[in-house]
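Step one of this worksheet: look at the structure below.
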Amino acid sequence: MTTHKKYHIKEFICETCGVSFNRLNKRDYRFCSATCRGYGRGKHLIEHTCEWCGKVFERYPCRQGRFCSRKCSAAFGCRQPKPHSNRKERGGKIFWHCKQCGKEMYTFKSRVQDTCSQECAYIYWPKKVKKTIVCPICKKEFIVSQHKITLLHRRFCGKKCASIAHRASMNDGHRQIGIQIRGSNWQRQSKSVRERDCYTCQSCQKHGVSVHHIIPYRLFDGNWEKANDANNLITLCPSCHSKIEHGLIPCPIPKASFLIPCE
Numbered sequence: 067m068t069t070h071k072k073y074h075i076k077e078f079i080c081e082t083c084g085v086s087f088n089r090l091n092k093r094d095y096r097f098c099s100a101t102c103r104g105y106g107r108g109k110h111l112i113e114h115t116c117e118w119c120g121k122v123f124e125r126y127p128c129r130q131g132r133f134c135s136r137k138c139s140a141a142f143g144c145r146q147p148k149p150h151s152n153r154k155e156r157g158g159k160i161f162w163h164c165k166q167c168g169k170e171m172y173t174f175k176s177r178v179q180d181t182c183s184q185e186c187a188y189i190y191w192p193k194k195v196k197k198t199i200v201c202p203i204c205k206k207e208f209i210v211s212q213h214k215i216t217l218l219h220r221r222f223c224g225k226k227c228a229s230i231a232h233r234a235s236m237n238d239g240h241r242q243i244g245i246q247i248r249g250s251n252w253q254r255q256s257k258s259v260r261e262r263d264c265y266t267c268q269s270c271q272k273h274g275v276s277v278h279h280i281i282p283y284r285l286f287d288g289n290w291e292k293a294n295d296a297n298n299l300i301t302l303c304p305s306c307h308s309k310i311e312h313g314l315i316p317c318p319i320p321k322a323s324f325l326i327p328c329e
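Position in the sequence shown (from 1) plus 66 gives the number in this note's numbering.
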């Protein structure tokens with residue numbers, strides 16, 4: 067069975083004005099009104115000095131007392147450096163010098179490098195990492211990483227020279243750069259060899275239009291009459307031609323019957 071506590075009216079005395087007042091005895095009342103409560107609590111206020119304008123103001127102990135108003139708080143915050151969202155950049159910016167040219171740089175700590183630019187990096191790194199080679203097309207010296215020479219077979223200074231070399235190799239039919247023609251009789255000899263082989267690949271017996279030198283053209287040292295002899299030429303398809311150039315399959319020899327043009 068629950069019992070309800072009975073409240074009765076009790077007389078209290080205000081701590082601010084000293085006037086007696088009546089309230090239910092639910093709790094002990096210290097002040098008779100909100101005004102007296104404000105004055106009564108003011109006795110426990112603590113003085114603070116505004117960090118922006120220097121004004122002296124009062125605050126309760128439970129509240130912060132750095133600024134006297136929101137205006138001073140906002141003005142103080144606008145003058146402070148903003149925190150960075152990137153965790154690595156919270157360390158702030160520092161000054162550092164390029165190890166190659168000595169130029170002074172001002173960046174975040176996470177962005178400090180040995181050199182200030184790519185040009186300085188090419189000069190700074192030792193020769194075992196960077197190597198100077200000569201472009202076979204424009205004869206210009208340029209610096210390239212060693213792994214690009216070993217793994218990627220880098221030979222040219224840019225795309226323009228690489229394109230010129232590719233066109234020259236397509237016209238020549240071999241990989242040696244610098245020889246752009248294969249003799250004045252090449253067009254006549256290649257056409258006669260295609261007709262001799264009936265436009266048939268002599269390796270897989272499929273349709274073929276590529277004419278291949280059995281002994282590479284570069285080994286004749288510019289003697290195009292011997293290099294373009296019919297006995298040194300054979301018709302291949304593009305697939306077999308590529309495989310033979312890379313040494314994946316042996317090069318066939320034209321038969322004696324093929325030396326006579328087909329009807």
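For glycine and all other residues, C-beta sits at the position ideal for the given N, C-alpha and C.
| Query | Result |
| --- | --- |
| Does DSSP put Arg89 in a helix, in a strand, or in coil? | strand |
| Quick check: the Cα distance between Lys309 and Arg220, rounded to an integer number of angstroms? | 22 angstroms |
| Can you tell me whether Ser258 is helix, strand or coil according to DSSP? | helix |
| Note down, in chain order, each residue of its chain lying with its Cβ closer than 7 angstroms to the Cβ of Arg132, except the 5 sequence neighbours on either side. | Glu117 |
| Near Gln268, which residues of its chain fall below 8 angstroms by C-beta distance, leaving aside the five closest residues on each side in sequence? | Gly274, Ile300, Thr301, Leu302, Pro318, Pro320, Phe324 |
| Helix, strand or coil, according to DSSP, for Thr82 in the structure here? | coil |
| May I ask you to report which of helix, strand or coil DSSP gives Lys302? | Reading off the sequence shown, one finds Leu at residue 302, where the question assumed Lys. Here Leu302 sits in strand by DSSP. |
| Figure out for me which residue from Cys138, His279, Ile280, His232 has the closest Cα to the Cα of Gly120. | Cys138 |
| Within a Cβ cutoff of 6 angstroms, which residues of the same chain sit near Cys201, ignoring the five residues on either side of it in sequence? | Phe222, Cys223, Cys227 |
| In the DSSP assignment, the alpha helix (DSSP H) including Glu291 goes from what residue to what residue? | 290-293 |
| Please return the same chain residues whose Cβ sits closer than 7 angstroms to the Cβ of Cys186, not counting the five positions on each side in sequence. | Cys164, Gln166, Cys167 |
| Give the secondary structure of Phe174 by DSSP, where H, G and I count as helix, E and B as strand, and everything else as coil. | strand |
| Measure the alpha-carbon distance for Ala140 versus Gln130 and round it to whole angstroms. | 15 angstroms |
| Sorted by chain position, which residues of the same chain lie with C-beta nearer than 8 angstroms to Tyr58's C-beta, five sequence neighbours on each side aside? | A question about residue 58 goes unanswered here, because the residues of the chain that appear run from 67 up to 329. |
| Between the beta-carbon of Lys197 and the beta-carbon of Tyr188, is there less than 7 angstroms? | no |
| Taking the alpha-carbon positions, what's the Gln253 to Pro282 distance? | 17 angstroms |
| Give the single residue among Gln271, Lys272, Asn289, Phe161 whose Cα lies nearest to the Cα of Asn330. | As shown, the chain starts at 67 and ends at 329. That puts residue 330 outside it, with no answer to give. |
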